[in-house]
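Asker:
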Amino acid sequence: MDKNSSHYGIIHGDLHQGNIVFHNEDPRPIDFGRCGFGYYLDDIAHTILGLYPAQRELVIKGYESLRKLEGDWLPTLDSFNVMFMIENYSHHAPDPRETEGLKGEQPYAIPIIKNYLNGKPFLFLSKAEK
Numbered sequence: 723m724d725k726n727s728s729h730y731g732i733i734h735g736d737l738h739q740g741n742i743v744f745h746n747e748d749p750r751p752i753d754f755g756r757c758g759f760g761y762y763l764d765d766i767a768h769t770i771l772g773l774y775p776a777q778r779e780l781v782i783k784g785y786e787s788l789r790k791l792e793g794d795w796l797p798t799l800d801s802f803n804v805m806f807m808i809e810n811y812s813h814h815a816p817d818p819r820e821t822e823g824l825k826g827e828q829p830y831a832i833p834i835i836k837n838y839l840n841g842k843p844f845l846f847l848s849k850a851e852k
C-alpha cells in the first residue's frame, strides 16, 4: 500500500473493544500509548477481530460513512488481521496468566489462519452464509 492520505495517517494503534469507552452513548477511544502514523486498515483490523462477521460489517459501514475504503481493500485487511493476531499472541504468550485464554482462542484462530493461508475469506460472511 502506498503511504498516501487515503491509506496512511495518524492511527490509534491498539483500537480494540477494551480501549473504547462510552460517554453519553458515544464511543470514545482511550489508551493512546501506541498512537502514531500507520495504515488506517491497521486500526480497523484491531477493532473488528473480536467481533462477529455481522458486527464487522457494521464497523466497515460506519467507517465508510466518514472515509471510503478504496480499491481491493479486503485482502489487505485480512493480512492486517492475521498480523495483529500474531502480534497479540507474541505479546501475551510469555505471561502464564494468559495461557488458558490463548488456548481457548485456538478453535477460532486456527480456522482463520488456515483460510488466510489458503486464500479464503474469513472476516465477513458470504451471501450464501447469511
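With my numbering, you'll find the sequence shown wraps up at 852, consecutive numbering, no jumps.
Glycine residues also receive a C-beta, built at the ideal position from the N, C-alpha and C atoms.
The structure presented is a predicted model; accordingly, all values stated were derived computationally and were not measured.
Kindly indicate which three-state DSSP category G793 falls into: helix, strand or coil?
Answerer: Note: G793 maps to coil in three-state DSSP.
Asker: Which residue from N746, Y761 and E747 puts its Cα closest to that of S728?
Answerer: Cα-wise, what sits closest to S728 is Y761.
Asker: If we count the other Cβ atoms within 10 Å of its Cβ and call it buried at 16 or more, is I832 buried or exposed?
Answerer: Its Cβ having fewer than 16 others within 10 Å, I832 is exposed.
Asker: Report yes if the CB atom of P751 is closer than 8 angstroms to the CB atom of L763, and no otherwise.
Answerer: No, Cβ-Cβ distance for P751 and L763 is not below 8 angstroms.
Asker: Which value, in whole angstroms, describes the spacing of the CA atoms of K790 and A815?
Answerer: Answer to the nearest angstrom: the Cα atoms are 36 angstroms apart.
Asker: How long is the line joining the alpha carbons of G740 and N746, rounded to whole angstroms?
Answerer: Each residue's Cα considered, the two are about 18 angstroms apart.
Asker: Relative to the C-alpha of I770, which candidate in T821, M807 and D724 has its C-alpha closest?
Answerer: For the residues T821, M807 and D724, the minimum Cα distance to I770 belongs to M807.
Asker: Name the DSSP beta bridge partners of P749, please?
Answerer: Answer by DSSP bridge pairing, in chain order: F744.
Asker: Considering just the uninterrupted stretch of the alpha helix (DSSP H) at Y774, what are its terminal residues?
Answerer: Taken as a continuous stretch (DSSP letters only), Y774 belongs to no alpha helix (DSSP H), as it is neither H nor E.
Asker: Do you know whose CA, among E809, P818 and N803, lies nearest P843's CA?
Answerer: For P843, the nearest C-alpha among the options comes from N803.
Asker: Cα separation between N726 and G793?
Answerer: For N726 and G793, the distance between alpha carbons rounds to 13 angstroms.
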